[in-house]
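So the structure is just underneath, and the comments pick up after that.
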Ligand SMILES: [Zn+2]
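In the numbering used here, the protein residues as written are 540 to 666.
Here it is as structure tokens:
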């Protein structure tokens, strides 16, 4: 069902785990295939210094989170927010139609993590 690129990323995902000293965290899920995705970010001077993920879910969700985190490291917060699941799918050279929603999770988790970071900054609790 998945192409070779997706399987390659799924079998050897990058950026797995949790960023040490993260200052933004986002957790999202979908009920369709029961995926749960957590993304942690380390943001310094408006740059995504590091991004990692913990995903419990299908191959599409794991491959999407690995790819999406890889795509935002080194980017500005605004660039990270502008990342769409369409770009993630392109990077993965396509996903089966019934698995498109799994790639949306990565986009949502990044947005959640940035929102969390901004909340911490507003509260003065960002490390
Ligand atoms: Zn899924």
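In this text, a Cβ means the ideal position worked out from N, Cα and C, and glycines have one as well.
Extent of the continuous beta strand (DSSP E) to which residue i belongs
{"i": "residue 576", "result": "575-583"}
{"i": "residue 591", "result": "586-595"}
{"i": "residue 567", "result": "563-568"}
Alpha carbon of residue i to alpha carbon of residue j, nearest angstrom
{"i": "residue 618", "j": "residue 611", "result": "7 Å"}
{"i": "residue 554", "j": "residue 598", "result": "15 Å"}
{"i": "residue 660", "j": "residue 638", "result": "35 Å"}
{"i": "residue 483", "j": "residue 540", "result": "Examination of residue 483 is not possible in this model, given that the chain is present from 540 through 666 alone."}
{"i": "residue 628", "j": "residue 595", "result": "19 Å"}
{"i": "residue 562", "j": "residue 591", "result": "12 Å"}
{"i": "residue 658", "j": "residue 586", "result": "16 Å"}
Proximity test, residue i beta-carbon vs ligand 1 heavy atom, cut-off 7 Å
{"i": "residue 574", "result": "yes"}
{"i": "residue 568", "result": "no"}
{"i": "residue 596", "result": "yes"}
{"i": "residue 638", "result": "yes"}
{"i": "residue 602", "result": "no"}
{"i": "residue 599", "result": "yes"}
Span of the alpha helix (DSSP H) around residue i
{"i": "residue 545", "result": "543-550"}
{"i": "residue 608", "result": "598-611"}
{"i": "residue 616", "result": "616-621"}
{"i": "residue 660", "result": "639-662"}
{"i": "residue 553", "result": "Taken as a continuous stretch (DSSP letters only), residue 553 belongs to no alpha helix (DSSP H), as it is neither H nor E."}
{"i": "residue 626", "result": "624-630"}
Sequence-distant residues of its chain with Cβ nearer than 7 Å to residue i (five each side left out)
{"i": "residue 609", "result": "553 and 554"}
{"i": "residue 642", "result": "599, 603, 624, 627, 628 and 634"}
{"i": "residue 567", "result": "576, 644, 647, 648 and 651"}
{"i": "residue 544", "result": "631 and 632"}
Sequence-distant residues of the same chain with beta carbon closer than 6 Å to residue i, five excluded per side
{"i": "residue 607", "result": "627 and 645"}
Task: Validate contact between the segment 567-583 and the segment 540-548 using beta carbons, cut 8 Å, 3 pairs - done: no
- [ ] Inspect the CB distances between the segment 575-593 and the segment 642-652 and report whether three or more fall short of 8 Å.
- [x] yes
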